[in-house]
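Numbering (our numbering), first residue to last: 23 to 426. Beta carbons: idealized from backbone N, C-alpha and C, even for Gly. Note that the coordinates shown come from a computational prediction; the quantities given were computed from them, not determined experimentally. Before any comments, here is the structure.
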Amino acid sequence: MRQWQTHTAHSRYFGLFNPAPTTMGIAGEALAAIFNTQLAAWSHGPFAVQTERYLVRELGQRFDSRFMYGCFTSGGAEANLTAFICALVRRFPGYRAKGIRSLEGQPIAYASTASHHSLVKAARIVGMGTEFLRIVPCDSAHRMDISALKTMISEDRRFGHRPFLVVATVGATATGIVEPIESVAQVAQDEGLWLHVDAAWGGFAAFVPELRPYLAGVSRADSITFDPHKMFSVPMGAGMFFTADHDVLGEAFAVVADYMPARDSDDEREDPFTHSIQWSRRFIGLKVLLSLAVAGWEGYANVLRRQVLLADELRQKLENLRWRVVNPTPFPVVCAIHDDQRISVQRVVERVQQSGNAWISIASLPDGASVLRACITNYRTNEDDVLALVREIQLASERELTTA
Ligand SMILES: *Cc1c(COP(=O)(O)O)cnc(C)c1O
Numbered sequence: 023m024r025q026w027q028t029h030t031a032h033s034r035y036f037g038l039f040n041p042a043p044t045t046m047g048i049a050g051e052a053l054a055a056i057f058n059t060q061l062a063a064w065s066h067g068p069f070a071v072q073t074e075r076y077l078v079r080e081l082g083q084r085f086d087s088r089f090m091y092g093c094f095t096s097g098g099a100e101a102n103l104t105a106f107i108c109a110l111v112r113r114f115p116g117y118r119a120k121g122i123r124s125l126e127g128q129p130i131a132y133a134s135t136a137s138h139h140s141l142v143k144a145a146r147i148v149g150m151g152t153e154f155l156r157i158v159p160c161d162s163a164h165r166m167d168i169s170a171l172k173t174m175i176s177e178d179r180r181f182g183h184r185p186f187l188v189v190a191t192v193g194a195t196a197t198g199i200v201e202p203i204e205s206v207a208q209v210a211q212d213e214g215l216w217l218h219v220d221a222a223w224g225g226f227a228a229f230v231p232e233l234r235p236y237l238a239g240v241s242r243a244d245s246i247t248f249d250p251h252k253m254f255s256v257p258m259g260a261g262m263f264f265t266a267d268h269d270v271l272g273e274a275f276a277v278v279a280d281y282m283p284a285r286d287s288d289d290e291r292e293d294p295f296t297h298s299i300q301w302s303r304r305f306i307g308l309k310v311l312l313s314l315a316v317a318g319w320e321g322y323a324n325v326l327r328r329q330v331l332l333a334d335e336l337r338q339k340l341e342n343l344r345w346r347v348v349n350p351t352p353f354p355v356v357c358a359i360h361d362d363q364r365i366s367v368q369r370v371v372e373r374v375q376q377s378g379n380a381w382i383s384i385a386s387l388p389d390g391a392s393v394l395r396a397c398i399t400n401y402r403t404n405e406d407d408v409l410a411l412v413r414e415i416q417l418a419s420e421r422e423l424t425t426a
């Protein structure tokens, strides 16, 4: 493993939200494995089940007091799939028993070109087909184009289709762009669609007071995806699904199995296997609980704030070298292209990677342009690491010019 992997936990890995795991997170993983708590049923792990319920409520309510319910997932992809299933269950009473084919009209979901591709898989898994996940174009700020969304919905209705879900992204994976949630929420309300907010990494803004305004409109969502294994730096995998709907997870996932402990009517003793995709499952919440217990909300806010400031520093330094930052985001991810056409993003990124001194990547903007992408994803990354990265980018750019 030392030799054969990208060392994502390194402070000069400016990559894809693979954090250095917190020490308490590692302890939590080990403890979860030692006790091997079974979280399918409350009776087998009441402490674990209630700890997770507590965390769902505590973290969910940082987004809005409505988000009292939900579940832990393996990651954002499973949380997004959960959203598709909940939306189908809520919008189509016949879906649970008779499936997609029983519906009068094709169910249609909407997400922008900035959305995460786990939505494509979700569309495939639930049986609605990837064609019917409509990809809405973005505006010049790389955010969902609201008038295009409205047009697509009305065209789909004219065809007799059944729009049921729209996904807005808070913190696009490549660019950190926050979509106009208020406007998407208004369309969702007018059209009767389930609104899911994919905040897998951008949701960290809910925990930093001065970033909370960027989440305006999230309070109107039906459900949210948030990944503690990204900006909360717990070891993989830890995702969360929050919803304001008290009953929907039960309606989506409850089954009766005679070999399982009898269902308790007490809400507090709800069995997780009746409220989530997974059945036998590890104690995901422990690493989150222990990390939070030691760092505190304040500790997390401070670290995340510092990551945001480091990205500002990186932006500034790149701009001094005539790189143009092209992603307007308050979050710690920087996408840039060079003013000098002779400097190829592709080759600069390759040179930086090959130097072994830092890791950055290439991303595509919703309009298809290739950009250099550097993300402050590690809580240990400091000013020296940012300077070292800038030095590598500068070296690589100079070599481009001398070989050009
Ligand atoms: C990372 C990410 C996902 C997928 O989450 P996993 O934890 O990798 O399954 C979904 N949506 C967004 C916006 C992401 O950044």
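If one requires a minimum length of 4 residues, no alpha helix (DSSP H) run lies completely within the segment 291-334. For Ser140, the closest of Glu177, Gly121 and Ser96 by C-alpha to C-alpha distance is Ser96. In the three-state scheme derived from DSSP, where H, G and I count as helix and E and B as strand, His268 is classed as coil. Ranked by Cα distance from Pro250, the first of Ala101, Val71, Thr403 and Leu411 is Ala101. In the structure shown, Leu141 falls within a helical segment according to DSSP collapsed to helix, strand and coil. The continuous alpha helix (DSSP H) containing Ser377 extends over residues Val367 to Ser377. Here the alpha carbon of His297 sits roughly 12 Å from the alpha carbon of Thr265. Counting along the chain, no alpha helix (DSSP H) covers Asp220; the unbroken beta strand (DSSP E) around it starts and ends at Trp216 to Asp220. DSSP places Gly224 within a helical segment (H, G or I) once states are collapsed to three. Around Ala227, the same chain offers Leu233, Tyr236 and Leu237 as residues with beta carbons nearer than 6 Å, after the five sequence neighbours per side are excluded. Under the three-state reduction of DSSP, Arg395 is assigned to strand. Set against 7 Å, the gap from the CB of Asp249 to the closest heavy atom of ligand 1 is smaller. Exposure of Ser176 is indicated by the presence of fewer than 16 other C-beta atoms within 10 angstroms of its C-beta. Gly261 has its Cβ nearer than 7 Å to a heavy atom of ligand 1. The C-alpha of Met150 is placed about 22 Å away from the C-alpha of Val209.
Residue Thr195 holds the alpha-carbon nearest to the alpha-carbon of Gly37 among Ser245, Thr195, Arg327 and Val240. Per DSSP, Phe39 has no beta bridge partner at all. In this structure, Val256 and Pro43 form a Cβ contact; the two beta carbons are roughly 6 Å apart against a cut-off of 8 Å. Straight across, the Cα-Cα distance linking Arg165 with Pro202 is about 7 Å. When beta bridges are read from the DSSP output, Tyr236 appears opposite no residue. Out of Gly92, Val277 and Lys143, the CA that lies nearest to the CA of Ser245 is found in Gly92. Pairwise C-beta distances place the segment 52-64 out of contact with the segment 209-218, as fewer than three of them are shorter than 8 Å.
Looking at the DSSP output, His360 bridges to Trp345.
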